[in-house]
Ligand SMILES: CC(C)(COP(=O)(O)OP(=O)(O)OC[C@H]1O[C@@H](n2cnc3c(N)ncnc32)[C@H](O)[C@@H]1OP(=O)(O)O)[C@@H](O)C(=O)NCCC(=O)NCCS
């Protein structure tokens with residue numbers, strides 16, 4: 006499929022099946038859904054301890070509107086507890102070259118980690134990429150202990166290292182892995 010055709014199909018699938026606010030998964034009081042405009046300040050408040058400014062989440066919303074990004078938000082009983090992003094044009098050169106969509110900037114609030122929320126957000130991201138015709142999805146993880154939960158989780162969910170070693174970034178370097186969806 007040509008690049009333009011793929012982009013057109015993706016835009017159609019996102020518009021018709023995954024519009025803003027679409028519920029992707031639900032279990033008890035936990036809902037995993039696509040971002041809506043009003044989430045930006047809620048995300049900034051929920052993750053204030055990470056020092057991420059409102060402008061970052063407002064930017065995410067703009068990129069959801071223009072099609073560059075899909076932001077997935079986890080909400081428990083009305084409270085934001087996590088988020089993850091799919092970016093279609095990865096900043097990691099091998100993914101960018103091969104057109105591999107990347108799960109990027111994923112976080113669960115500290116007190117709700119290791120309760121299955123991240124696993125559900127990754128499942129939702131995979132479902133969206135698959136529905137958009139993606140055969141492979143990628144993810145990166147920092148190499149420092151700050152990312153320890155993610156370092157353990159991703160291989161268990163089927164993400165296999167791309168074997169390229171450490172990619173230098175401003176946060177101390179990251180490794181990348183992919184999972185086949187088809
Ligand atoms: C990485 C991160 C997004 C994962 O989200 P999460 O909600 O903690 O993920 P999950 O709960 O689905 O899985 C994490 C672990 O909890 C375990 N778990 C899931 N449900 C559980 C439950 N009910 N009881 C006990 N353990 C559980 C998972 O099996 C996994 O365990 P493991 O250590 O054996 O691999 C989150 O931990 C986080 O924000 N970390 C800091 C920032 C970060 O590293 N972001 C990723 C950057 S790439």
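Residue numbers (this note's numbering): 6 to 187. Glycine included, C-beta positions come from ideal geometry on N, C-alpha and C. Just so you know, these numbers come straight off a predicted model, no measurement behind them.
Proximity below 7 Å, CB of residue i to CB of residue j
| i | j | result |
| --- | --- | --- |
| residue 188 | residue 106 | With the chain represented from 6 up to 187, any question about residue 188 goes unanswered, as that position is not in the structure. |
| residue 87 | residue 113 | yes |
| residue 129 | residue 29 | yes |
| residue 49 | residue 62 | yes |
| residue 171 | residue 148 | yes |
| residue 16 | residue 72 | yes |
Proximity to residue i [Cα-Cα], best of the options
| i | options | result |
| --- | --- | --- |
| residue 96 | 145, 65, 53 and 25 | 145 |
| residue 185 | 31, 109, 134 and 92 | 134 |
| residue 1 | 101, 58 and 111 | This structure leaves residue 1 out entirely; the chain is present only between 6 and 187. |
| residue 70 | 40, 58 and 101 | 40 |
| residue 163 | 89, 127, 174 and 150 | 127 |
| residue 37 | 46, 26 and 45 | 26 |
| residue 58 | 46, 67, 68 and 66 | 46 |
| residue 98 | 123, 180 and 9 | 180 |
| residue 125 | 12, 22, 32 and 10 | 32 |
| residue 121 | 103, 94, 161 and 150 | 161 |
heavy atom of ligand 1 below 6 Å from residue i C-beta
| i | result |
| --- | --- |
| residue 118 | yes |
| residue 143 | no |
| residue 152 | yes |
| residue 158 | yes |
| residue 155 | yes |
Proximal residues to residue i (C-beta, below 7 Å), its chain only, five neighbours per side dropped
| i | result |
| --- | --- |
| residue 18 | 136 and 137 |
| residue 168 | none |
| residue 199 | Any answer about residue 199 is impossible in this case: the structure gives the chain only from 6 up to 187. |
6 Å CB neighbourhood of residue i in its chain, flanking five on each side removed
| i | result |
| --- | --- |
| residue 34 | 81 and 82 |
| residue 176 | 147 |
| residue 90 | 74, 76, 109 and 110 |
Any C-beta of chain C under 7 Å from that of residue i
| i | result |
| --- | --- |
| residue 75 | Among the chains in the structure shown there is no chain C, since it carries only a single protein chain. |
Own chain partners of residue i with C-beta closer than 8 Å, once the 5 adjacent residues on each side are dropped
| i | result |
| --- | --- |
| residue 54 | 115 |
| residue 3 | Beyond the ends of the chain as shown, which are 6 and 187, falls residue 3; an answer cannot be given. |
Classification of residue i by the beta-carbon crowding that lies within 10 angstroms, buried from 16 upward
| i | result |
| --- | --- |
| residue 78 | buried |
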